[in-house]
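Report on one structure; see the data block that follows.
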Amino acid sequence: MPVHKVRPDISVLNDSLEAPGIGHLPVNAFVLLASQPVVIDTGLGLPDRNFLEVLGSVLDPADVRWIWLTHPDRDHTGGIFDLLAAAPKARVVTTFLSAGFMSCERPLPLDRLYLLNPGQSLNVGDRTLTGFKPPLFDNPATVALFDDRSGVCFSSDCFGGPMPSAELAHADDVRAVGVEELRAAQLLWATVDSPWVHNVDVQKFLGTFQPLRDREPELILSTHLPPAPGLTASMIDTLGSAAGESAFVGPDQAALEQMLAGFEPTGGGHQPAPGSPG
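Each residue of the sequence shown is one higher than the last, beginning at 42 in our numbering.
Have a look at this one:
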């Protein structure tokens with residue numbers, strides 16, 4: 042997992058996953074070196090990712106005071122319980138709904154929760170973090186945030202986009218991608234991650250961008266995009282045009298069988314496709 046220091050007090054813990062037929066999707070977590078240090082989301086948590094070790098290259102996990110969970114999907118919660126164990130003074134900033142979702146698998150300890158809704162703020166010593174509902178999301182519990190000191194927006198899934206290569210998914214600046222390529226990637230991700238966007242009232246949808254227009258963050262840090270400095274206005278325009286986009290339709294069984302047929306046989310010989318006779 043590469044670590045990108047995008048500000049003296051902000052680091053990106055960068056990971057990615059390949060989504061066949063879509064691209065290489067960045068999966069980021071973030072460290073905010075406030076006077077009360079904050080970790081924003083906790084990555085995939087796959088066994089070979091060593092989340093705590095990577096975090097330890099930025100700060101001692103025991104020093105973490107806040108874990109801001111933007112929403113309880115697995116690509117955001119992978120390292121949360123290991124981090125809670127390593128950071129005994131840390132509390133999880135999340136919503137009632139988010140904590141409820143997690144209780145279906147493994148409950149968060151109630152005495153370590155700090156419930157915060159969009160529009161509410163948290164003082165972390167030398168700055169205030171303000172929650173907001175991003176325009177696009179795949180989970181109704183999502184709360185993104187503004188850092189009122191640095192002006193950075195941590196947008197959760199919003200503004201994400203699959204990259205054409207693993208190298209670009211691990212880039213430290215999304216401007217390594219061409220303008221039109223970035224636009225296409227973000228519109229694709231909008232239809233994949235927020236499949237309801239094709240069915241919204243356009244004017245109401247455009248109104249949800251107002252908190253971003255008011256704040257005008259110079260840097261947007263999305264879970265699923267390389268760091269995006271100086272692109273806020275153009276990326277708002279891109280996502281604003283997502284209303285009415287055709288809904289994403291994934292591969293079906295015939296497409297899966299075609300993909301499997303193209304794989305090289307392994308030592309065990311050809312494996313029948315799911316649902317087909319041996």
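Glycine included, every Cβ here is placed at the ideal spot set by N, Cα and C.
So for residue i, helix, strand or coil by DSSP?
i      : result
Glu286 : coil
Asn240 : helix
Lys245 : helix
His45  : strand
Phe250 : coil
Phe187 : strand
Pro102 : helix
Ser52  : strand
Ser235 : coil
Ala274 : helix
Ala182 : coil
Ala269 : strand
His211 : coil
So, at 6 Å on beta carbons, what are the nonlocal neighbours of residue i in its own chain, with the 5 sequence-adjacent residues on each side left out?
i      : result
Gly309 : Confidence is the limiting factor: at Gly309 the pLDDT is only 48, short of 50, which leaves the residue's position unreliable, though a coordinate-based value still follows. Excluding residues within five positions, none has a Cβ falling inside 6 Å.
Met143 : Pro113 and Leu149
Pro315 : Interpretation of Pro315 is limited by its pLDDT of 48, a score under 50 that renders its predicted location unreliable; the figure taken from the coordinates is listed afterwards. No residues qualify anywhere along the chain.
Ser317 : Summary for Ser317: the model assigns pLDDT 41, below 50, so the residue's position carries little reliability; its value from the coordinates is reported in the next sentence. No residues qualify anywhere along the chain.
Val80  : Val72, Val105 and Ile108
Gly166 : Ala75, Ser76 and Gln77
Asn180 : His112 and Asp114
Could you tell me which residues DSSP puts in a beta bridge with residue i?
i      : result
Ser57  : Pro67
Val164 : Residue identity check: residue 164 is Asn in the sequence provided, not Val. BP columns for Asn164 point to Thr169.
Arg132 : Trp107
Val80  : Val72 and Ile108
Cys194 : Phe187 and Ile261
Met204 : His65
Leu156 : Thr135
Which residue from the options puts its Cα closest to that of residue i?
i      : options                           : result
Val47  : Arg147, Leu280 and Gly192         : Gly192
Leu156 : Phe304, Val184, Pro252 and Asp89  : Val184
His203 : Arg190, Thr264 and Thr171         : Inspection of the sequence shows that residue 203 is occupied by Pro rather than by His. Closest by alpha carbon: Thr264.
Asp50  : Glu257, Gln161 and Asp188         : Asp188
Phe178 : Phe304, Ala127, Gly285 and Leu280 : Leu280
Ser197 : Ala182, Thr169 and Pro205         : Ala182
His65  : Asp152, Asp89 and Gly201          : Gly201
Asn91  : Leu151, Pro43 and Thr136          : Pro43
Thr249 : Arg147, Ala283 and Leu170         : Ala283
Leaving out the 5 sequence neighbours to the left and right, which residues in its chain are closer than 7 Å to residue i when beta-carbon positions are compared?
i      : result
Pro268 : His45, Val47, Val53, Asp213, Asp214, Val215, Leu260 and Leu262
Pro175 : Thr183, Ala185, Ser196, Ser197 and Cys199
For residue i, collect the residues of the same chain with a Cβ closer than 8 Å to its Cβ; drop the 5 residues on either side in sequence, then sort them by chain order.
i      : result
His311 : Caution applies to His311, whose pLDDT of 47 falls short of 50 and renders its modelled position unreliable; the value that the coordinates give is listed next. Closer than 8 Å at the Cβ level, and outside the excluded window around His311, lies no residue.
Closest Cβ-Cβ distance between residue i and chain B: below 8 Å?
i     : result
Pro67 : Going by chain labels, chain B is absent from the structure shown, which holds only one protein chain.
I'd like to know if the region 128-147 and the region 210-227 are in contact, where contact means that at least 3 CB-CB pairs between them fall below 8 Å. no
Between the region 204-214 and the region 52-61, do three or more beta carbon pairs fall short of 8 Å? yes
Pairing CB atoms from the region 282-300 with CB atoms from the region 67-82, are three or more of them under 8 Å? no
Three or more beta-carbon pairs under 8 Å between the region 236-247 and the region 97-106, yes or no? no
At a cut of 8 Å, does the region 277-296 reach the region 101-110 through at least three beta carbon pairs? no
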